[in-house]
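K.L.:
Residue numbers (numbering that gives the first Met the number 0), protein chains in the order written: chain Z, 0 to 227; chain Y, 0 to 227.
Virtual Cβ for every residue (Gly too), placed ideally from N, Cα, C.
Computed from a prediction, not measured in an experiment: that's the story for all the values here.
Protein chains: 2
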Amino acid sequence: MALSRCHFDAHPELVSLSPTPRSTVTRSRERARTDRADLHAVLDAGLVCHLGLVRDGAPVVLPTGYGRIDDTVYVHGSTGAGYLRIADDAPVCLTVTHLDGVVYARSAFHHSMNYRSAVVHGTARRVTDPGERWAALAAITEQLAPGSWDHTRQPDARELAATAVFALDLAEASVKVRTGPPVDDERDLPGDGCWAGVLPVRTTFGAPEPCPTVPATTHPPAHVAQRP
Amino acid sequence: MALSRCHFDAHPELVSLSPTPRSTVTRSRERARTDRADLHAVLDAGLVCHLGLVRDGAPVVLPTGYGRIDDTVYVHGSTGAGYLRIADDAPVCLTVTHLDGVVYARSAFHHSMNYRSAVVHGTARRVTDPGERWAALAAITEQLAPGSWDHTRQPDARELAATAVFALDLAEASVKVRTGPPVDDERDLPGDGCWAGVLPVRTTFGAPEPCPTVPATTHPPAHVAQRP
């Protein structure tokens, strides 16, 4: 995919965790991860996925939260959201990407990124079972804000009625990972003083910023203040 | 969209910078930004976009680098990449998302994210003009690694021949931004000791990690070591 060893080799397919052609890697196969635990790890480490749908023959890619339970990933939306009208039983693609580093090579061509990414293909299934809906909403909330489901007011009937939940099976998914230094051409080595290497990219949490309506005596709980 | 004020209201459409229905916001309109400078700012601040294509009627969403010149955004890929065979003159959607904070509300329902996002709809145009290709590759390199284009070996004829470049016009695009504290229901205030607020999310660069082939006397240049 776009985050490949060769910076210009931007969009090879991802790597297979399943036997279908669209989830079989066609570029940079050495970056394939075929262990299901790798898929779970990439998904579990994320906060935002990019969900692709097709509308009138054209793709639509929207960022959204998500949650995972076993081999199902869930997304949700307002029942008033336009996109939901096209999501029922529709083909979707859910992608989660973690950028881990900018890879500086001795040539522009070999610039790259270190990353972990997961791409899930499948059909969106609208969740109607109340128990599965509840578990999915808990998972989505906990993915975004671990600890919040049990520490805040949970959804009431009106809020549940306003919320649509979709499930996507992880059966057809792929994971791709790049790590390590740049891979330069022999001709560009040692590079005559040209530095090459990786600039790590890190995502971190800052200090909690209280809502102005929160009394000064109410401090953030541990699941917020000590979030790793 | 998925990163909306209401955590469960996950996927309203984005906001319009153009008059077409698909780039007109249908959810959380108050988050719309209609200034073209806002679009440029969101794009310019990113390292990775998520590019959506349609293959056999199903969406494919892949992460990739990109670059912008005026009102055109460019992506590139290996001419051997499978996805390129479906990108020529195809409808695409290019989305860039910055997650700025996790919004903790007093209810699970009102959990949300602070974010900036841009969604561009259009048709991928394969760039064949050598001058435009060169400028696009420079822009893509500089977006990922500012300073690298002039500090490393630039592409030779073989590398150029192996690289496909696509352009996407910014004519049909939307930007959406959420900032600030949670918006709780009146009934949940003051919250009886329940903390609410924002946990900022920051993306930062770590210390440069030299490639093992780089002599210890070669230090990272300022555009790497002092990258903001």
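Which of the three DSSP states, helix, strand or coil, is assigned to Thr140 (chain Z)?
P.N.:
The sequence position of residue 140 (chain Z) within the first sequence is 141, counting from 1. Of the three classes helix, strand and coil, the one that applies to Thr140 (chain Z) here is helix, per DSSP.
K.L.:
Label Pro181 (chain Z) either buried or exposed according to how many other C-beta atoms from any shown protein chain fall within 10 Å of its C-beta, with 16 as the threshold for buried.
P.N.:
For this step, residue 181 (chain Z) is matched to residue 182 along the first sequence. Buried, by the Cβ-count rule.
K.L.:
What whole-angstrom Cβ distance do Thr63 (chain Z) and Asp168 (chain Z) have, given they're in contact under 8 Å?
P.N.:
One-based indexing of the first sequence puts residue 63 (chain Z) at position 64. One-based indexing of the first sequence puts residue 168 (chain Z) at position 169. Contact flag wrong, Cβ pair sits at about 17 Å.
K.L.:
Any Cβ of chain Y within less than 7 Å of the Cβ of Ser173 (chain Z)?
P.N.:
For the purposes of this step, residue 173 (chain Z) is identified with residue 174 of the first sequence, where counting begins at 1. Chain Y, which has no Cβ nearer than 7 Å to the Cβ of Ser173 (chain Z), makes this no.
K.L.:
Can a CB atom of chain Y be found closer than 7 Å to the CB of Gln225 (chain Z)?
P.N.:
Walking along the first sequence from the start, residue 225 (chain Z) turns up at place 226. With 7 Å as the cut-off, Gln225 (chain Z) does not count as an interface residue toward chain Y.
K.L.:
Taking just the CA atoms, how far does His222 (chain Y) sit from Gly100 (chain Y)?
P.N.:
Within the second sequence, the letter at position 101 stands for residue 100 (chain Y). Within the second sequence, the letter at position 223 stands for residue 222 (chain Y). Their Cα atoms are separated by approximately 28 Å.
K.L.:
Would you list, in sequence order, the uninterrupted beta strand (DSSP E) runs of no fewer than 3 residues that lie entirely inside the region 57 to 122 of chain Z?
P.N.:
Counting whole runs of 3 or more residues, the region 57 to 122 of chain Z contains the beta strand (DSSP E) stretches 57 to 63, 66 to 68, 71 to 77, 90 to 103 and 111 to 122.
K.L.:
Bridge partners of Glu171 (chain Z), per DSSP?
P.N.:
Here residue 171 (chain Z) refers to the residue found at position 172 of the first sequence. DSSP output for Glu171 (chain Z) lists Z:His120 as bridge partner(s).
K.L.:
Could you tell me how far apart the beta carbons of Leu93 (chain Y) and Leu50 (chain Y) are, in whole angstroms, since I believe they sit closer than 8 Å?
P.N.:
Here residue 93 (chain Y) corresponds to residue number 94 of the second sequence, with the count starting at 1. Here residue 50 (chain Y) corresponds to residue number 51 of the second sequence, with the count starting at 1. Right, the Cβ-Cβ distance comes to about 5 Å (below 8 Å), so this counts as a contact.
K.L.:
Less than 7 Å between CB atoms is the rule here; does His239 (chain Y) satisfy it with respect to chain Z?
P.N.:
Summary: the structure shown does not reach residue 239 (chain Y), with chain Y confined to residues 0 through 227, and so no result is reported for it.
K.L.:
Below 6 Å CB to CB, which residues in the same chain sit around Asp37 (chain Z) once its five sequence neighbours on both sides are set aside?
P.N.:
One-based indexing of the first sequence puts residue 37 (chain Z) at position 38. Around Asp37 (chain Z): Val174.
K.L.:
Determine, for Pro145 (chain Z), whether the minimum Cβ-Cβ distance to residues of chain Y falls below 7 Å.
P.N.:
Working through the first sequence from its first residue, we reach residue 145 (chain Z) at position 146. With 7 Å as the cut-off, Pro145 (chain Z) does not count as an interface residue toward chain Y.
K.L.:
Using a threshold of 7 Å, state whether the C-beta atoms of Tyr65 (chain Y) and Val74 (chain Y) are closer than that.
P.N.:
Position 66 of the second sequence, counting from 1, holds the residue named residue 65 (chain Y). Position 75 of the second sequence, counting from 1, holds the residue named residue 74 (chain Y). Yes, these two residues count as a Cβ contact at 7 Å.
K.L.:
Taking a cut of 8 Å between CB atoms, which residues from the region 185 to 207 of chain Z lie near chain Y?
P.N.:
Result list: Asp187, Leu188, Pro189, Gly190, Gly192, Cys193, Trp194, Ala195, Gly196, Val197, Leu198, Pro199, Val200, Arg201, Thr202, Thr203, Phe204, Gly205, Ala206 and Pro207.
K.L.:
Just to confirm, is the Cβ distance from Pro199 (chain Y) to Gly205 (chain Z) under 7 Å?
P.N.:
Translated into the one-based positions of the second sequence, residue 199 (chain Y) becomes position 200. Translated into the one-based positions of the first sequence, residue 205 (chain Z) becomes position 206. Yes, these two residues count as a Cβ contact at 7 Å.
K.L.:
For Glu171 (chain Z), does the count of other Cβ atoms within 10 angstroms reach 16, so buried, or fall short, so exposed?
P.N.:
Counting from one through the first sequence, the residue named residue 171 (chain Z) turns up at place 172. Glu171 (chain Z) comes out buried.
K.L.:
Buried or exposed: which applies to Ala156 (chain Z), given that a residue is buried once 16 or more other Cβ atoms fall within 10 Å of its Cβ?
P.N.:
Within the first sequence, residue 156 (chain Z) is the residue found at index 157, counting from 1. Under this definition Ala156 (chain Z) is an exposed residue.
K.L.:
Alpha carbon to alpha carbon, what distance is there between Val197 (chain Y) and Asn113 (chain Y)?
P.N.:
Translated into the one-based positions of the second sequence, residue 113 (chain Y) becomes position 114. Translated into the one-based positions of the second sequence, residue 197 (chain Y) becomes position 198. Straight-line Cα distance between these residues: approximately 8 Å.
K.L.:
Below 9 Å on C-beta distance, what does Ala215 (chain Z) contact in chain Y?
P.N.:
Position 216 of the first sequence, counted from the first residue, corresponds to residue 215 (chain Z). Here the premise fails: no neighbours, minimum Cβ distance about 11 Å.
K.L.:
With 7 Å set as the bound, which would you pick, yes or no: does the beta-carbon of Arg115 (chain Z) sit closer than that to a beta-carbon of chain B?
P.N.:
Structure shown: chain B not included; protein chains present are Z and Y.
K.L.:
As a quick exercise: from Z:Ala123, Z:Thr178, Z:Ala163 and Z:Gly179, pick the residue whose alpha carbon is nearest that of Pro129 (chain Z).
P.N.:
For the purposes of this step, residue 129 (chain Z) is identified with residue 130 of the first sequence, where counting begins at 1. Ranking the options by Cα distance to Pro129 (chain Z), first place goes to Z:Ala163.
K.L.:
In chain Y, which residues lie with their C-beta within 8 Å of the C-beta of Thr94 (chain Z)?
P.N.:
Along the first sequence, read from residue 1 onward, the residue named residue 94 (chain Z) stands at position 95. The answer, in chain order, is His49, Val60, Leu61 and Pro62.
K.L.:
Looking at chain Y, which residues of the region 124 to 137 of chain Z have a Cβ within less than 9 Å of any of its Cβ atoms?
P.N.:
Under the 9 Å Cβ criterion, the region 124 to 137 of chain Z contributes Leu136 and Ala137.
K.L.:
Would DSSP call Gly130 (chain Z) helix, strand or coil?
P.N.:
Translated into positions along the first sequence, residue 130 (chain Z) becomes position 131. Reduced to three states, the DSSP call for Gly130 (chain Z) is helix.
K.L.:
Taking Arg177 (chain Z) as the reference, which of Z:Arg201, Z:Val91, Z:Asp87 and Z:Leu98 has the closest Cα?
P.N.:
Within the first sequence, the letter at position 178 stands for residue 177 (chain Z). Nearest option by C-alpha distance: Z:Leu98.
K.L.:
By how many angstroms is the C-alpha of Asp187 (chain Z) removed from the C-alpha of Pro154 (chain Y)?
P.N.:
In the second sequence, residue 154 (chain Y) corresponds to position 155, counting from 1. In the first sequence, residue 187 (chain Z) corresponds to position 188, counting from 1. Each residue's Cα considered, the two are about 12 Å apart.
K.L.:
If I measure Cβ to Cβ from Ile85 (chain Y) and keep anything under 7 Å in the same chain, skipping five residues before and after, which residues do I get?
P.N.:
Numbered from its first residue, the second sequence carries residue 85 (chain Y) at position 86. Excluding residues within five positions, the ones whose Cβ falls inside 7 Å are Leu52 and Arg54.
K.L.:
Measure from the C-beta of Leu42 (chain Z) to each C-beta in chain Y and report whether the shortest distance is under 7 Å.
P.N.:
By one-based count along the first sequence, residue 42 (chain Z) stands at place 43. Output row for Leu42 (chain Z): interface = no.
K.L.:
Taking Leu98 (chain Y) as the query, report the chain Z residues whose CB atoms sit under 7 Å from its CB, ordered along the chain.
P.N.:
Residue numbering aside, residue 98 (chain Y) sits at position 99 when the second sequence is read from its first letter. The answer, in chain order, is Leu46 and Val47.
K.L.:
Give me the chain Z residues within the contact set of Ala221 (chain Y), using Cβ-Cβ distance strictly less than 7 Å, ordered along the chain.
P.N.:
By one-based count along the second sequence, residue 221 (chain Y) stands at place 222. Result: empty, since nearest Cβ-Cβ is about 11 Å, beyond 7 Å.
K.L.:
Chain Z beta carbons: is any one of them nearer than 7 Å to that of Leu52 (chain Y)?
P.N.:
Walking along the second sequence from the start, residue 52 (chain Y) turns up at place 53. Yes, contact with chain Z.
K.L.:
Within 7 Å of any Cβ in chain Z, is that where the Cβ of Tyr73 (chain Y) sits?
P.N.:
Residue numbering aside, residue 73 (chain Y) sits at position 74 when the second sequence is read from its first letter. By this cut-off, Tyr73 (chain Y) is not an interface position.
K.L.:
Taking Cβ to Cβ, would you say Ala230 (chain Y) is nearer than 7 Å to His110 (chain Y)?
P.N.:
For chain Y, the structure presents residues 0 to 227; residue 230 (chain Y) sits outside this window and is missing.
K.L.:
Can Pro90 (chain Z) and Ala57 (chain Y) be called in contact, C-beta distance under 7 Å?
P.N.:
To locate residue 90 (chain Z), count along the first sequence from 1; it is residue 91. To locate residue 57 (chain Y), count along the second sequence from 1; it is residue 58. Contact: yes.
K.L.:
Please report the distance separating the alpha-carbon of Thr219 (chain Z) from that of Glu158 (chain Z).
P.N.:
As a working mapping, residue 219 (chain Z) is identified with position 220 in the first sequence. As a working mapping, residue 158 (chain Z) is identified with position 159 in the first sequence. Strictly speaking, residue 219 (chain Z) in this sequence is Pro, with Thr absent from that position. One C-alpha to the other measures close to 25 Å.
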